[in-house]
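Line by line, the protein sequences are chains A and B.
Taken in order, the first sequence gives residues 127 to 383; the numbers are from our numbering.
Taken in order, the second sequence gives residues 43 to 267; the numbers are from our numbering.
Notes for the one structure printed next.
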Amino acid sequence: MATRPMIEIEGLHKHFGPLHVLRGIDLSVAVGEVVCIIGPSGSGKSTLLRCINHLEVAEQGRIRIDGELVYRDEIGGRFRAHSNRAIAAVRAQVGMVFQNFNLFPHLSVVGNIIEAPVHVLRKPKKDAGRRALELLAQVGLADKAEAYPEELSGGQQQRVAIARALAMDPKAMLFDEVTSALDPELVAEVLAVMRDLARRGMTMLVVTHEMNFARQVASRVIFMDHGAIVEQDLPDRIFGAPREARTRDFLKTVLER
Amino acid sequence: MFELFNPQVAVESIGPLLGGLLMTVELTFVVITLSLVCALGVALAGMSRFAPLRWVVKAYIEVIRGTPLLLQLIYVYYVLPEIGIRLNAFAAGVLALTLNYSAYISEVYRSGIQAIAKGQHDAAAALGMTHALAMRRIILPQAIRIVVPALGNYFIGLFKDTALCSAVSIQELVFTAQVQAALNFQYFTLYTVVAAMYFLVSFPAARLVNYLERVTKSGYRRRRR
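Printed below as a string of structure tokens:
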């Protein structure tokens, strides 16, 4: 099957002060692929995700989304940043879900979901509202449309956050440790929504500590450590027979838990 | 018989004093309205990415905070005419108070805006919102709710600070009392009535601010129908 890349990353470097958090990342995610990134904390997984959405700015490297070079041009070896408007337009095409949900507390569930479609995409409020209700049904929260985020459990909030991102009809979805802040009994409901999304063919890049999810849902698993991709492979190979010692050590630590 | 409080004087002076109170209230509303708007501009300018603008704002705030309000009033009324800016007493009072309160309230806004978690900015940005749109739709509505009690306190503070305008001959409550006292020397009676008038407005207003504080701290909920 010919696969068109949706996200392509080339030679990405990022520092936080003296800390070299991304050390030359090369990565390609094909349309419809579900790629899970695992690795110890501080390995740069979240930073990588945030660079893809330009929430962090990488000093070096290129990012292409759906074939387009995004966030800046390279002219004669020098970078020229795109306009804020152009950057926002790219972000509007890539959904992101955060560890801490980051729902807008002053807006109802429906208000959260229609906010960007109405004010960024300029969709009529009525259409956006109808779509919001469909998405709420999809994430199993049809009855919570009028509730406020504070009235919901963590798992429910995270499902709303997924619906909010989906309302933009994104080309790809980025998930940044979306179950890490949840009570254990609430993790499953969020993972179920993500599983369903993967089945529907969404292109997904998922930073996670949920090894079972990665094993069952991912088309490919990437192990990152110290700001670099150590190895990537089919989930069964990574979990069954990792080639690198660092991957083995990491999996041993997390799976023995 | 010698009496400190003279009820007859109190009754006779109540008319002029109410006139003064009306001017006090008018000043308060004009200045708070202007200040709430100007302060937002000052706060946003103070967080601008353009450094010289931030320096100007910083200098303005420090000068206002580092000098007495009474002096600022006197400066606007008596000194500005020497460089050709002639304002009547009311305009001078409004200008000086607005300059003063805009500086303080802008700091309230700034702290409110900065109290909004970074995750809110991230979420707005990730949805494709520009900085301006995120400010308007996501950050400011939450920030304003946070600062409502503080703004209420400034409102009450301003109501009392307008008394300083008597120094530039605005016929507000204190000035009116001074005029009356110069005629009948009934200081005790006049200033007691004036104090009662200030208190009767301030106290309920303070209760209202307390109530608003409780409401804004209670979180965002579905409206009960």
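Every residue gets a Cβ at the ideal spot worked out from N, C-alpha and C, and that includes glycine.
Predicted model only: the values in this text are computed from it and were never measured.
1. Could you have a look at Q219/A and say whether DSSP puts it in helix, strand or coil?
2. If we count the other Cβ atoms within 10 Å of its Cβ and call it buried at 16 or more, is F2/B buried or exposed?
3. So I133/A packs on A298/A, CB below 8 Å; how close in whole Å?
4. Since L261/A and A271/A are thought to touch, with beta carbons under 8 Å apart, how far apart are those beta carbons, to the nearest angstrom?
5. For I164/A and L175/A, I'd like the C-alpha separation in whole angstroms.
6. Which whole-angstrom value describes the C-beta separation of A248/B and I198/B, a residue pair presumed to lie in contact below a C-beta threshold of 8 Å?
7. Is there a Cβ of chain B sitting closer than 8 Å to that of Y274/A, yes or no?
8. Taking Cβ-Cβ distances below 8 Å as the criterion, which residues of the stretch 177–202 of chain B are in contact with chain A?
9. Taking DSSP as the reference, what is the three-state secondary structure of P385/A?
10. Helix or strand or just coil, what does DSSP make of R178/B?
11. Excluding the 5 residues preceding and the 5 following G158/A in the sequence, name in chain order all residues of the same chain whose CB lies nearer than 7 Å to its CB.
12. So, is the C-beta of G154/B closer than 8 Å to a C-beta in chain A?
13. What are the complete beta strand (DSSP E) segments, minimum 3 residues, inside the stretch 327–351 of chain A?
14. Starting from S154/A, follow its DSSP beta bridges and name the residues at the other end.
15. For a test of the three-state rule: what should DSSP assign to K270/A, helix, strand or coil?
16. From the DSSP output, which residues share a beta bridge with M299/A?
17. Mind listing the chain B neighbours of H232/A? Cutoff is C-beta to C-beta under 9 Å, in chain order.
18. Please return the same chain residues whose Cβ sits closer than 6 Å to the Cβ of F365/A, not counting the five positions on each side in sequence.
19. Would a C-beta distance cut-off of 8 Å place Y229/B and A223/B closer than the cut-off?
20. Using CA atoms only, rank isn't needed, just tell me which of H141/A, H180/A, D309/A is closest to Q75/A.
21. Take V343/A and list the residues in its own chain whose beta-carbon comes closer than 6 Å to its own, dropping the five residues that flank it on each side.
22. Within the same chain, show all residues whose beta-carbon is closer than 8 Å to that of A242/A, passing over the 5 residues directly before and after it, in chain order.
23. Who does A207/A pair with in a DSSP beta bridge?
24. One question on the structure: do Y146/B and Y102/B come within less than 8 Å of each other, judged by their Cβ atoms?
25. For chain A, find out if any of its Cβ atoms is closer than 8 Å to the Cβ of A168/B; answer yes or no.
26. Which two residues bound the contiguous beta strand (DSSP E) that contains I164/A?
27. Expressed to the nearest angstrom, what Euclidean distance is found between the alpha-carbon atoms of G257/B and T334/A?
28. Where does F376/A sit, in a helix, a strand or coil, going by DSSP?
29. Under 9 Å between beta-carbons, which chain A residues line up against M171/B? List them in chain order, please.
30. Quick check on DSSP: helix, strand or coil for G199/B?
31. Mind checking which residues open and close the alpha helix (DSSP H) that includes Q284/A?
32. Taking only beta-carbon atoms, is M294/A less than 8 Å away from chain B?
33. Figure out for me which residue from A52/B, Q184/B, Y151/B, I180/B has the closest Cα to the Cα of V246/A.
34. Measuring alpha carbon to alpha carbon, tell me which of V216/B, K100/B, A205/B ends up nearest E149/B.
35. State the Cα-Cα distance for the pair V210/B and G280/A, rounded to the nearest angstrom.
36. State yes or no: is the beta carbon of G126/B nearer than 8 Å to at least one beta carbon in chain A?
A quick look at the data gives this:
1. Start at 1 with the first residue of the first sequence, and residue 219/A comes out as number 93. Coil, per DSSP.
2. One cannot answer for residue 2/B here, as it falls past the ends of chain B, which runs 43 to 267.
3. Along the first sequence, one-based indexing puts residue 133/A at 7. Along the first sequence, one-based indexing puts residue 298/A at 172. Confirmed, Cβ separation roughly 6 Å.
4. Position 135 of the first sequence holds residue 261/A. Position 145 of the first sequence holds residue 271/A. The pair is not a contact, with the Cβ atoms about 10 Å apart (cut-off 8 Å).
5. Stepping through the first sequence from its first residue, residue 164/A is reached at position 38. Stepping through the first sequence from its first residue, residue 175/A is reached at position 49. Cα to Cα, the separation comes out at about 12 Å.
6. Start at 1 with the first residue of the second sequence, and residue 248/B comes out as number 206. Start at 1 with the first residue of the second sequence, and residue 198/B comes out as number 156. At roughly 6 Å, the Cβ-Cβ gap stays under 8 Å, so A248/B and I198/B are in contact.
7. The residue labelled residue 274/A in the question sits at position 148 within the first sequence. Output row for Y274/A: interface = yes.
8. R179, I180, P183, Q184, R187
9. Because chain A in this structure spans residues 127 to 383, residue 385/A falls outside the shown range and cannot be described.
10. Within the second sequence, numbered from 1, the residue matching residue 178/B stands at position 136. R178/B: helix per DSSP, three-state reduction.
11. Mapped onto the first sequence, residue 158/A falls at position 32. So the qualifying residues of the chain are G327, T329.
12. For the purposes of this step, residue 154/B is taken as residue 112 along the second sequence, with counting starting at 1. For G154/B, the answer is no, since every Cβ of chain A falls outside 8 Å of its Cβ.
13. 330–333, 346–351
14. Taking the first residue of the first sequence as 1, we reach residue 154/A at position 28. DSSP lists E134/A as partners of S154/A.
15. Against the first sequence, residue 270/A aligns to sequence position 144. Correct three-state label for K270/A: helix.
16. Reading the first sequence from its first residue, position 173 is the one you call residue 299/A. DSSP, once it has assigned bridges, lists G221/A, M330/A as partnering M299/A.
17. The residue labelled residue 232/A in the question sits at position 106 within the first sequence. The contacting residues are I180, P183, Q184, R187, Y262.
18. Indexing the first sequence from 1 puts residue 365/A at position 239. Same-chain partners within the cutoff: R341.
19. In the second sequence, the residue the question calls residue 229/B occupies position 187. In the second sequence, the residue the question calls residue 223/B occupies position 181. Yes; because the gap between Cβ atoms is below 8 Å, this pair is in contact.
20. Residue coverage of chain A in this structure runs from 127 to 383, which leaves residue 75/A outside it and unanswerable.
21. As a working note, residue 343/A is residue 217 in the first sequence. Once the five neighbours on either side are set aside, the close Cβ partners of V343/A are V160, R321, A324.
22. Numbered from 1 along the first sequence, position 116 holds the residue referred to as residue 242/A. A218, R290, A293, M294.
23. For the purposes of this step, residue 207/A is identified with residue 81 of the first sequence, where counting begins at 1. DSSP, once it has assigned bridges, lists R198/A as partnering A207/A.
24. In the second sequence, the residue the question calls residue 146/B occupies position 104. In the second sequence, the residue the question calls residue 102/B occupies position 60. It is not a contact, given that the beta carbons lie outside the stated cut-off.
25. Stepping through the second sequence from its first residue, residue 168/B is reached at position 126. At least one chain A Cβ lies under 8 Å of A168/B.
26. On the first sequence, position 38 is the one that residue 164/A refers to. Here the beta strand (DSSP E) through I164/A covers 160–164.
27. Looking up residue 257/B in the second sequence gives position 215. Looking up residue 334/A in the first sequence gives position 208. For the sequence presented, residue 257/B should be read as Val rather than Gly. About 39 Å.
28. One-based indexing of the first sequence puts residue 376/A at position 250. Of the three classes helix, strand and coil, the one that applies to F376/A here is helix, per DSSP.
29. Looking up residue 171/B in the second sequence gives position 129. Chain A residues near M171/B: A214, R217, A218, E241, A242, H245, V246.
30. To locate residue 199/B, count along the second sequence from 1; it is residue 157. Note: G199/B maps to helix in three-state DSSP.
31. Here residue 284/A is taken as the residue at index 158 of the first sequence, counted from 1. Per DSSP, Q284/A belongs to the alpha helix (DSSP H) from 280–292.
32. Counted from its first residue, the first sequence places residue 294/A at position 168. So, interface residue.
33. What you label residue 246/A is simply residue 120 of the first sequence in a count that begins at 1. Measuring from the Cα of V246/A, the nearest candidate turns out to be I180/B.
34. On the second sequence, residue 149/B is found 107 positions in, with the first residue counted as 1. Comparing Cα-Cα distances from E149/B to each of V216/B, K100/B, A205/B, the minimum goes to K100/B.
35. As a first step, residue 210/B is located in the second sequence; it is residue number 168 there, counting from the start. As a first step, residue 280/A is located in the first sequence; it is residue number 154 there, counting from the start. Going by the C-alpha atoms only, they are around 59 Å apart.
36. To locate residue 126/B, count along the second sequence from 1; it is residue 84. No, G126/B does not count as interfacial toward chain A.
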